[in-house]
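Residue numbering for the sequence shown follows this note's numbering, starting at 18 and increasing by one per position.
Every residue gets a Cβ at the ideal spot worked out from N, C-alpha and C, and that includes glycine.
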Amino acid sequence: MAAAATAAAAGGGGGGAHPQPQPQLPARLRLPLCFLGVFVCYFYYGILQEKITRGRYGEGPDKEKFTFALTLVFIQCVINAMFAKILIRFFDTARVDRTQNWFYAACSVSYLGAMVSSNSALQLVNYPTQTVNS
């Protein structure tokens, strides 16, 4: 009896080999933390994107402006798709998807148009101006 009380006081809880679950982030902190994470990542993404699209490439006096906005969007979309596939494979439970395919097609086309327009605009205006005006 004394051993059980000592184990319970030490955090053993009488379960033996079962570790205690780690406390989760309080619900009131999850939204601000997620907001901050999205904001910081999106801001850094914009800075990197601006460096790519506004940079000059080549050697010597014949440096060229970036003109491959469509290629950049294609590479971003491929990486996004691979990352999403990995997340779905490892973290999503088996659920039936009842979403109609035309919703996915409409989202994809609008995303592609927004990304091409955004990358093309970065060649003309800086990232903060583009973000504020969108």
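Point to revise | Span separating the alpha-carbon of Q140 from that of V57 | key: Here the question's residue 140 lines up with position 123 in the sequence shown. Here the question's residue 57 lines up with position 40 in the sequence shown. When rounded, the distance between both Cα atoms is 22 Å.
Practice item. State the start and end residues of the unbroken alpha helix (DSSP H) segment that holds F100. Key: Numbered from its first residue, the sequence shown carries residue 100 at position 83. From DSSP, the alpha helix (DSSP H) with F100 extends over A86 to F108.
Review point. So does the stretch 89-103 actually touch the stretch 43-63, counting three or more Cβ pairs closer than 8 Å?
Key: no
Exercise for review: Please name the residue, chosen from T70, Y74 and I105, that lies closest to V90 on a Cα-to-Cα basis.
Suggested key: Counted from its first residue, the sequence shown places residue 90 at position 73. Comparing Cα-Cα distances from V90 to each of T70, Y74 and I105, the minimum goes to T70.
Point to revise | Own chain partners of E67 with C-beta closer than 7 Å, once the 5 adjacent residues on each side are dropped | key: Working through the sequence shown from its first residue, we reach residue 67 at position 50. Taken in chain order, the residues that qualify are L139, N143 and Y144.
Check your understanding: Which word fits A86, buried or exposed, when buried means at least 16 other C-beta atoms lie within 10 angstroms of its C-beta?
Key -> As a first step, residue 86 must be located in the sequence shown, where it is residue number 69. With 16 or more other Cβ atoms within 10 Å, it is buried.
Point to revise | Distance, V133 Cα to V113 Cα | key: As a working note, residue 113 is residue 96 in the sequence shown. As a working note, residue 133 is residue 116 in the sequence shown. Looking at the two C-alpha atoms, the distance is approximately 32 Å.
Check your understanding: Can you list the beta strand (DSSP E) stretches of 3 or more residues lying completely in the stretch 111-145, in chain order?
Key -> none
Point to revise | For F60, three-class secondary structure by DSSP | key: Counting from 1 along the sequence shown, the entry for residue 60 is found at position 43. Residue state, collapsed to three classes: helix.
Review point. Out of curiosity, what's the CA-to-CA distance linking I92 and N136?
Key: In the sequence shown, counting from the first residue as 1, residue 92 sits at position 75. In the sequence shown, counting from the first residue as 1, residue 136 sits at position 119. Straight-line Cα distance between these residues: approximately 13 Å.
Point to revise | Same chain, Cβ closer than 6 Å to K82, five either side skipped, listed in chain order | key: Mapped onto the sequence shown, residue 82 falls at position 65. If we look at K82 and ignore the five residues flanking it on each side, it has no Cβ neighbours.
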